[in-house]
Structures are given as structure tokens and as C-alpha cells.
Amino acid sequence: MRMINLIREFEMQKMKESETIKDYSDRLLAIANKVRLLGTNFDDSRIVQKILVTVPDKFEVTISSLENTKDVSKISLAELLNVLQAQEQRKMIQEEGTIEGAFLVKTKNYGGEKYMKHNNIEETYPPCPHCKKTNHPQRRCWWRPDVKCRKCGQIGHMEKICKSQEEGKIAAVQNQEEELF
957 MRMINLIREF EMQKMKESET IKDYSDRLLA IANKVRLLGT NFDDSRIVQK ILVTVPDKFE
1017 VTISSLENTK DVSKISLAEL LNVLQAQEQR KMIQEEGTIE GAFLVKTKNY GGEKYMKHNN
1077 IEETYPPCPH CKKTNHPQRR CWWRPDVKCR KCGQIGHMEK ICKSQEEGKI AAVQNQEEEL
1137 F
């Protein structure tokens, strides 16, 4: 009776979405080992088939690849677990990179908002509505419509990018050249 209950328990097992391959396989192996202790032959191929049928859809591509490249009836339990755990680890690494980008720390700087990536020196800001760049806060934009240039007195740019400043330098160089000749 105990053996029948263990086999029924084995057949009812399914892998949960949040569960790892190792945890699921350990659970199946624990039941299989209890059945073996009671004197019944319980092959690893039965565990392999159970895993192939009951894992979540996120492993579908890996299982299809295995079916296309190998004879699934001859694949060992260790080989199957290695392949599935490798895929699981790759997905975890990819998700870690995505999560790190999602954790942004917000701080105040120059009266505007500044965003810093978690554990990173790079600073990015929300896109500036005036120039669409992300390397400065909105209130520091050189192209703000309300900013007044200190060099030429015109509105709409700062002295750092003032074209009249360049024109003034060119005119000064031309004046110097004329004086020499």
C-alpha cells in the first residue's frame, strides 16, 4: 500500500513556476528513492520522462532542442538536469541585468532631478524637453527659451554656445590680419 501511495504521489507531481530545476528534481528523486527502498524497480528514464512532461513552458525551447538532437529515450537524468539547469542559470543572469537597470536612485541636484544607476557612477536624467538630451537637468539646458546670453544679450541660448562669440573671434582675427598687411 505504501508503494502504491508513493507512485501516485510521484505521478501527481508538477513543477511550479517559481521552483528551480534542482528543487523539483530533488523532490522527484526523494519519492523515487523511497519506492526503490521498498524493493520496486524504478528507472531513471521514468524520472526523465516525468521531468520532460511536467516542466513549465519556459523550458519548452530547450526540450524541443533536445528532442531534435538526441534520442530522448536514451538521455540520462544527469544530462537532462545539466541542460535544464544551464538554461535556468542563463535566464537568471539575463534577468539580473534587467533588474539592475530597473533600480534607479533618485536624488536632488542643482534644484533639478538627477538619476543615478544603482552601484554605478554614470548619471542620466530624464530627456530634456528643449534639446531631448539626457546628460543634464532641464534647468541647466543651454537651449531653454527663457535663458539670456551674457555675451550677445539674445534670448534662447547661453554664452557657452553663442555664435556671436565665434563671429566676434573671427572678426578679431580678421582685424589682426588686416593690421599686419
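Here the sequence shown stands for residues 957 to 1137, numbered as in the working numbering. We put the CB at the ideal spot given by N, CA and C, even for glycine.
query: Endpoints, the alpha helix (DSSP H) within which L1022 is located; result: 1016-1025
query: Proximity to P1093 [Cα-Cα], best of C1084, E965, K1014, R1100; result: C1084
query: CB contact flag (T1010, Q969, <8 Å); result: yes
query: Beta-bridge partners of I1111, as assigned by DSSP; result: K1104
query: Buried or exposed (CB count within 10 angstroms, at least 16 for buried), A1034; result: exposed
query: C-beta atoms of A988 and F998 nearer than 8 Å; result: yes
query: CB contact flag (W1098, I1111, <8 Å); result: no
query: Distance, E1023 Cα to K1064 Cα; result: Because the pLDDT of K1064 is 43, which lies under 50, any placement of that residue in the model is unreliable, and the number read from its coordinates should be weighed accordingly. Each residue's Cα considered, the two are about 55 Å apart.
query: Spatial distance of T976 from D982 (CA atoms); result: 10 Å
query: Buried or exposed by the 16-neighbour rule on C-beta atoms within 10 Å, applied to V1017; result: exposed
query: Cut-off 7 Å between Cβ atoms - residues of its own chain near G1109, not counting five sequence neighbours on either side; result: none
query: Between the CA atoms of T1080 and H1113 - distance to the nearest angstrom; result: 22 Å
query: L962 classed as buried or exposed, judged by whether at least 16 other C-beta atoms fall within 10 angstroms; result: buried
query: Cβ pair I960, V1004 closer than 8 Å; result: no
query: Sub-8 Å separation of K1014 and L984 beta-carbons; result: no
query: N- and C-terminal bounds of the alpha helix (DSSP H) containing R1095; result: No alpha helix (DSSP H) holds R1095; DSSP gives it neither H nor E.
query: Euclidean distance between Cα positions of K972 and V1103; result: 59 Å
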